[in-house]
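One structure below.
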Amino acid sequence: MVQYTQTHFNASFAALSDATRRGVLEQLGRSDASITDLAEKFHMTLTGMKKHVGVLEQAGLVTTEKVGRVRTCKLGSCRLEEEAAWIEKYHQLWAARFDELDKVVEELKRKEKADGRKKRRRARSRE
Amino acid sequence: MDARKEGERAHVNNRTTVERKSGRELVTTRTFNAPARIVFEAWTRPELFKRWWVPKSMGMSLLSCEMDVRVGGKYRLEFAPDAMAFFGTYLEVTPHSRLVWTNEEGGEDGPVTTVTFEEKGAKTLLVLHELYPSKEALDAAGTGAADMLSETFTQLDELLVTLGANAGRS
């Protein structure tokens, strides 16, 4: 859980650490825009803007959709909290399963040790 | 006595981590204080598997558990109270190191689960990787799982306690 949250926060912080990307978010807060619109507005090449949008998209802050030849960008639904809640549930399930699995594993280890002793005893008695 | 102490220590040291590696992937890791062959055994022998797969906190109990652990073999788990079934096919079975299976109960949106067992000294690092066909499928599965887990079947608690006590004795 902790790790999951950190990964997401890191991605978000990285995305927000750049002035252009913060500007893009502000712009998209006002209206959806194509990559071309954004590139023009921020005086950048298409390739440069694509990179910025890619970083924002990776962090879940922006979603893009390609219709024909135009890729439209909008603010991400940012369902971080909701998503974190179910990841937490998933984590709880697996943590509980693995605690039970620990018990089974300990029992198998003890059994193996006991069987090993028996085998050694048998081997010795045969000598 | 010693064994119990070891168990407690294992519980403290061996954290379960979950990470959404990408839109389509969930990766869960956990270390076990045992060689890989023992951990693998607990995943592949139904009588052992069913003792840990359904923890009490899940609020369900296992009605049946069939596992044909070989490439192309099927598994099927049925849960009480409403006979919900989970089933799929083993795609890869490499003793003591790797298991891959499909999860077919959700139709085409089900993930492919890969479990690897990596022995490190006297311990085993287990990595459980779930790859969904799409981001939407993972999102939907998450919502469904959260709903399912938040439901409680209190009437089953007593039964699970009994089952737990029996398992402890045997």
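Each protein sequence line maps, in turn, to chains Y and S. The opening position of the first sequence corresponds to residue 1 in this note's numbering, with each subsequent residue numbered one higher. The opening position of the second sequence corresponds to residue 1001 in this note's numbering, with each subsequent residue numbered one higher. By construction, the Cβ of each residue, glycine as well, lies at the ideal position given by its N, Cα and C atoms.
9 Å Cβ cutoff met for residue i and residue j
i	j	result
R1037 (chain S)	P1081 (chain S)	no
F1117 (chain S)	V1039 (chain S)	yes
E1019 (chain S)	T1031 (chain S)	no
L56 (chain Y)	R21 (chain Y)	yes
E1092 (chain S)	R1098 (chain S)	yes
Y1132 (chain S)	W1101 (chain S)	no
D115 (chain Y)	N1033 (chain S)	no
P1046 (chain S)	T1124 (chain S)	no
L1128 (chain S)	T1114 (chain S)	yes
T1202 (chain S)	M1067 (chain S)	In the structure displayed, chain S extends from 1001 to 1170; residue 1202 (chain S) sits before or after that span and is not available.
V53 (chain Y)	A1042 (chain S)	no
Residue i at chain Y interface by Cβ criterion, 9 Å
i	result
L1063 (chain S)	no
S1016 (chain S)	The identity of residue 1016 (chain S) in the sequence shown is Thr, whereas the question assumes Ser. Yes - at least one Cβ of chain Y is within 9 Å of the one on T1016 (chain S).
W1053 (chain S)	yes
A1146 (chain S)	With a pLDDT of 42 at A1146 (chain S), under the threshold of 50, the modelled position of this residue cannot be trusted; read the value that follows with caution. It does; some Cβ of chain Y falls within 9 Å.
Within chain S, partners of residue i - CB distance below 8 Å
i	result
L108 (chain Y)	A1034, I1038, E1041, A1042 and L1048
Residue i: first and last residue of the uninterrupted beta strand (DSSP E) it sits in
i	result
T1102 (chain S)	R1098 to T1102
Where the alpha helix (DSSP H) through residue i begins and ends
i	result
A1036 (chain S)	A1036 to T1044
E57 (chain Y)	L46 to Q58
R22 (chain Y)	A19 to R30
Beta-carbon neighbours of residue i, restricted to chain S and to distances below 7 Å
i	result
R97 (chain Y)	W1052, W1053 and P1055
I104 (chain Y)	Contrary to the premise, residue 104 (chain Y) reads as Val rather than Ile in this sequence. Per Cβ cutoff of 7 Å: A1042, L1048, R1051 and W1052.
Within-9 Å CB hit, residue i to chain S
i	result
R79 (chain Y)	Per-residue confidence for R79 (chain Y) stands at a pLDDT of 49, beneath the threshold of 50, marking its modelled position as unreliable; no derived number is given.
L61 (chain Y)	no
K119 (chain Y)	no
E112 (chain Y)	yes
L101 (chain Y)	yes
Beta-carbon neighbours of residue i, restricted to chain Y and to distances below 7 Å
i	result
T1028 (chain S)	W94
Per-residue contacts from residue i into chain Y (C-beta, under 9 Å)
i	result
M1058 (chain S)	L93, A96 and R97
Problem set entry | the stretch 32 to 56 of chain Y: positions lying closer than 9 Å to chain S by Cβ | Result list empty, no residue passes.
For this session: Note down, in chain order, all residues in the stretch 1105 to 1117 of chain S with a beta-carbon under 7 Å from any beta-carbon belonging to chain Y.
Result: Answer set for the stretch 1105 to 1117 of chain S: empty.
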